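**Student:**
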Amino acid sequence: MSRDSAVRDMFRRRNLVAAASLALVAALTLGSSALTQFDWPACLTSVPKAFAWMAANFVPNARALRNAPNVAQKLAETVLVSIMATMLAAVAAFAVAILGSRTTRLHPAISILARLLASLCRNIPVVAWAMILLLSFGQNVLTGLLALFIGTLGYLTRAFTEVVDEAAKSPVEALTASGATWLQTVAQGVIPSILPQTASWMLYMVETNIRDATLVGILTGTGVGFLFDLYYKSMNYPSAALVVLGIILLVVTIETASNALRRVIL
Amino acid sequence: MSDAPRIIRLRKPTRSSVALNLTLAFLVGTTVAGFFLLDTKGVDVGSASLKLWTDLANMFTHPSAQHFGFGEALWALLVTVCLGALTTVIGAAFAIIVGPFAAKNLSPAPVVAILKGFTALIRAIPTVLWVLIFAIGAGLGSVAAVVGMTFHSFSYLLKAYSEAFEEIDGDVIEALKASGANWCQIVCQAVIPSSMSSLVSWTFMRFEINFTNAVAMGAAAGAGGIGFDLFMASGFYFNIGEVGYITWLIMIVAIALEVGATRLQRSQHVER
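Going down the list, the protein sequences come from chains A and B.
Mind the numbering: the first sequence is residues 62 to 327 in our numbering, read in order.
Mind the numbering: the second sequence is residues 45 to 316 in our numbering, read in order.
Structure representation (structure tokens):
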């Protein structure tokens, strides 16, 4: 075979693969839109319409500003809940990750149990946890806190396990070789070496939890989500817009701060 | 030489260790303060925890459905999966087009900065709020849900894609430029094909997130699917067996998606 035809062959195969993938994606899209009764023309016209409506009606006015102290208080509560859920989950995730990781586990059976627990927490969505907890804890700030805690625990355990697997291998080997006990190895070798990276994950989870807290709040009737829902359902859109504005400010501030911190820590 | 033991400082404080300690101290302090600041009146933690325990045991061991059959539940689950797939595809389509403009090695800095700022703004608003806001313009249902969820998918994938593009060796781009390839050729023939496995892996990971989001939007924003059934089971019927039934179904799909995403990620690492 000449070199020319080999090249042509390669390009033909590449085009074939590209065409097949495109066809697959197109089929998936058409099938999904038929199944969910997704209306493409309505979608295209609704986007500009929604933005025009937002510009006209979804703007805080003077009357809405009177609700500002209320909004600020709920935002503060949301920050508090997000940080608490993250930190409590981080402590638990440290334990589960260290017991679950192959480098630091005590016993294979405990390791499997730890991974199973993390998988259970992670693969039941936070919404489902919120709905489950609603039945026992009721409309209460604790419901949201616990739902976020469980979700964060699942997520952070996976992240921490990866960090432990990567970062702790050589300190663990060195300390074990020098005769340190398991507890000494974990306290002196593992935790100091993973702390910077896990702190970065904690900052990330605080950010994520503030967004998720809004969702959980709508479902469980607490926090800033509840306030938004209240204004939204009573068609007090200027006040609802004020809530959104507050959330944007909060999230952007926290994101900027944690990015700056991350740059120094890592 | 004196016999007094001399303390050897093992860890010298550096800028990063001080920042780390301050961050952790702030977070821990806030958490402790939270126990005193949060208003938890009206809930008896002891009896609520006990009820939670029996609820969990019941829902996992005795899942049951009164308000829908197995077929209907599967259909609702399929609707939710499709909602997630649709948002992923639309978000990915926009992200792949805009992606090269948001990559530092392919576009001028001001364009990159504007795009990154814009997507950060999109991400600052929680998905559920996007969906609820769009629901006023488009009515409750799949259109508002898909459009609202697509905003986040787009901004997430744009970040992921542009970062994947930025990982490409600058020499390759330089060499292509030298050989006379134009910008479009560089992007379509070199940048996108060589970062394909990374793009696929990110997209699938987003699909995993979008499935969860679709459940959430069904529960909180009237997007239908299994999420709505979950909301009804818990919020209206107070039926723990039904909540368990739905949770099992959601969990099975979520685990399957997670396994898929992990596989994709691993195969990508092997290729590298």
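For every residue, glycine included, the Cβ atom is placed at its ideal position computed from N, Cα and C.
For clarity, every value in this text was computed on a predicted model and none was experimentally measured.
For the candidate residues A:Ala154, A:Arg75 and A:Met145, whose alpha-carbon lies nearest to that of Leu178 (chain A)?
**Tutor:** A:Ala154
**Student:** Under 8 Å between C-beta atoms, does Ile255 (chain A) make it to chain B?
**Tutor:** False, the Cβ-Cβ gap to chain B never drops below 8 Å.
**Student:** If you measure beta-carbon to beta-carbon, which residues of the stretch 278-298 of chain B are closer than 8 Å to chain A?
**Tutor:** Those residues of the stretch 278-298 of chain B that come within reach of chain A (Cβ to Cβ, closer than 8 Å) are Ser278, Gly279, Phe282, Ile284, Val287, Ile290, Thr291, Ile294, Met295 and Ala298.
**Student:** Got a sec: is the Cβ-Cβ distance from Ser186 (chain B) to anything in chain A below 8 Å?
**Tutor:** yes
**Student:** Quick one: is Val68 (chain A) near chain B, going by C-beta distance under 8 Å?
**Tutor:** Answer no: the Cβ-Cβ gap between Val68 (chain A) and chain B never drops below 8 Å.
**Student:** Rank B:Ser223, B:Leu130 and B:Ile212 by C-alpha distance to the C-alpha of Ala95 (chain A) and give the top, closest one.
**Tutor:** Closest by alpha carbon: B:Leu130.
**Student:** Using the beta-carbon count (16 or more within 10 Å), is Ser186 (chain B) buried or exposed?
**Tutor:** The residue is buried, with at least 16 neighbouring Cβ atoms inside 10 Å.
**Student:** Could you name the residues of chain B that Cys104 (chain A) contacts, counting a contact when the two beta carbons are closer than 8 Å?
**Tutor:** Residues of chain B with a Cβ closer than 8 Å to the Cβ of Cys104 (chain A) are, in chain order, Ala182, Val187, Val190 and Val191.
**Student:** So, helix, strand or coil for His168 (chain A), using DSSP?
**Tutor:** coil
**Student:** Which residue from B:Ile236, B:Met249, B:Ala153 and B:Ile299 puts its Cα closest to that of Gln309 (chain B)?
**Tutor:** B:Met249
**Student:** Does any C-beta atom of chain B lie closer than 8 Å to the C-beta of Phe289 (chain A)?
**Tutor:** yes
**Student:** Phe275 (chain B) versus chain A: which residues are under 7 Å apart at the beta carbon?
**Tutor:** For the C-beta of Phe275 (chain B), the chain A residues within less than 7 Å are, from N- to C-terminus, Met192.
**Student:** Determine whether the beta carbon atoms of Val235 (chain B) and Phe255 (chain B) lie at a separation below 8 Å.
**Tutor:** Cβ distance not < 8 Å, so Val235 (chain B) and Phe255 (chain B) don't count as in contact.
**Student:** At the 8 Å Cβ level, is Pro144 (chain B) part of the contact set with chain A, yes or no?
**Tutor:** no
**Student:** Can you list the residues of chain B that Glu316 (chain A) reaches, using a CB-CB cut of under 8 Å?
**Tutor:** Ala164 and Ala168
**Student:** Tell me whether the beta-carbon of Ala69 (chain B) lies closer than 8 Å to the beta-carbon of Ala179 (chain B).
**Tutor:** no
**Student:** If the cut is a Cβ gap below 9 Å, which residues of chain A does Leu96 (chain B) touch?
**Tutor:** Ile193, Leu194, Leu196, Ser197, Phe198 and Leu207
**Student:** Please return the same chain residues whose Cβ sits closer than 6 Å to the Cβ of Ala147 (chain B), not counting the five positions on each side in sequence.
**Tutor:** Ser206, Phe209 and Glu210
**Student:** If you drop the 5 nearest sequence neighbours on each side, which residues of the same chain put their C-beta closer than 7 Å to that of Ser108 (chain B)?
**Tutor:** Gly285, Glu286 and Tyr289
**Student:** In angstroms, rounded to a whole number, what distance separates the CA positions of Glu116 (chain B) and Thr124 (chain B)?
**Tutor:** 12 Å
**Student:** Compile a chain-ordered list of the residues in the stretch 260-275 of chain A whose CB is closer than 8 Å to at least one CB of chain B.
**Tutor:** Ala260, Met263, Leu264, Val267, Arg272, Asp273 and Thr275
**Student:** Along the stretch 114-148 of chain B, what residues have a CB closer than 7 Å to any CB found in chain A?
**Tutor:** Leu122, Val123, Cys126, Leu127, Ala129, Leu130 and Val133
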